[in-house]
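Here's the structure, in structure tokens; my notes come after.
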């Protein structure tokens, strides 16, 4: 079946540091890929998405490129802020399984001032 | 616009009790989903509904039932709660998706969650 693997945290960085959160996937079809963010006590919000190979999703300074050859969708940001502290989930849909998203386990990001 | 709403926000049940979690959306979306979130497990799909009148099992459907009451509402029922069902439950919606044959590339919008504890 479909699966998503992402680095597990917590990941602790200083403000203005460069961020990379790795995400790789296994899917039988041609999935769409997503990054969601969850702030404490809240539901998930879409951060960015890409629907086909070589697409780049971007939002709020975050970027991720859909790499079919390496089955990856790594999340990057050039300069993180304290307000970026949250849990980040990589997810896919349309890989060949049931409708709905397949999630990674989440990466807890902590940004220190 | 409220988006996706869930009730209740918190609930404590005793083993064997039943309850229904409610979800409603005002986004005019066709597809609705129920997930559970457990520490270190990410979110896992319980059931989904690709359109009014249809429901399908997800990854972890055992112990749950669902009803797609109309386009706006999708409820999740625990008939006999067990401690293993202690979790945070999220409802989500998306524009499209035709079920297993035509899964959706549209993003999903999540409600705020229901934190359920079964003792």
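Protein chains in written order, with the numbering used here: chain A, 1 to 113; chain B, 1001 to 1119. We put the CB at the ideal spot given by N, CA and C, even for glycine.
Please classify residue i as buried or exposed, where buried requires at least 16 other C-beta atoms within 10 Å of its C-beta.
i: residue 31/A; result: buried
i: residue 79/A; result: exposed
i: residue 54/A; result: exposed
i: residue 1064/B; result: buried
i: residue 107/A; result: buried
i: residue 17/A; result: exposed
i: residue 1069/B; result: exposed
i: residue 1081/B; result: buried
i: residue 1012/B; result: exposed
i: residue 119/A; result: There is no way to answer for residue 119/A, as the model of chain A reaches only from 1 to 113.
i: residue 1010/B; result: exposed
i: residue 1016/B; result: exposed
i: residue 41/A; result: exposed
Candidates the options: which alpha carbon is nearest residue i's?
i: residue 1095/B; options: 1033/B, 1114/B, 1039/B, 1087/B; result: 1033/B
i: residue 1031/B; options: 1069/B, 1039/B, 1052/B; result: 1052/B
i: residue 1071/B; options: 1047/B, 1056/B, 1016/B, 1029/B; result: 1029/B
i: residue 1048/B; options: 1091/B, 1118/B, 1081/B, 1004/B; result: 1091/B
i: residue 3/A; options: 51/A, 27/A, 40/A; result: 27/A
i: residue 1014/B; options: 1084/B, 1112/B, 1107/B; result: 1084/B
i: residue 22/A; options: 92/A, 101/A, 76/A, 102/A; result: 76/A
i: residue 1107/B; options: 105/A, 92/A, 104/A; result: 92/A
For residue i and residue j, which I take to be in contact (beta-carbon distance under 8 Å), what is that distance rounded to the nearest angstrom?
i: residue 48/A; j: residue 58/A; result: 6 Å
i: residue 976/B; j: residue 1087/B; result: In this structure chain B extends from 1001 to 1119, so residue 976/B is not present and cannot be described.
i: residue 73/A; j: residue 33/A; result: 4 Å
Distance check for residue j and residue i, CA to CA, integer angstroms please.
i: residue 10/A; j: residue 83/A; result: 16 Å
i: residue 1074/B; j: residue 1008/B; result: 14 Å
i: residue 38/A; j: residue 1043/B; result: 12 Å
i: residue 1060/B; j: residue 1/A; result: 14 Å
i: residue 65/A; j: residue 24/A; result: 12 Å
i: residue 1117/B; j: residue 69/A; result: 43 Å
i: residue 90/A; j: residue 7/A; result: 10 Å
i: residue 96/A; j: residue 1056/B; result: For residue 96/A, the pLDDT reaches just 49, beneath the cut-off of 50, and the residue's location in the model is therefore unreliable, leaving the point undetermined.
i: residue 14/A; j: residue 110/A; result: 8 Å
i: residue 1067/B; j: residue 52/A; result: 33 Å
i: residue 1115/B; j: residue 1046/B; result: 15 Å
i: residue 1025/B; j: residue 1109/B; result: 10 Å
i: residue 1022/B; j: residue 1076/B; result: 7 Å
i: residue 1027/B; j: residue 20/A; result: 33 Å
Margin query: Counting only Cβ-Cβ distances shorter than 8 Å, please list the residues of the region 1073-1091 of chain B near chain A, keeping chain order.
Written below: 1090
Notebook entry, point to check: In chain order, what residues of the region 78-108 of chain A put their CB closer than 7 Å to some CB of chain B?
Noted result: 89, 93, 94, 98, 99, 100, 101, 103, 104, 105, 106
Checklist line | Interface positions of the region 1040-1051 of chain B facing chain A (Cβ-Cβ less than 7 Å), listed along the chain | finding: Contact annotation: in the region 1040-1051 of chain B, residues whose CB is within less than 7 Å of a CB in chain A are 1040, 1041, 1042, 1043, 1045, 1048, 1050.
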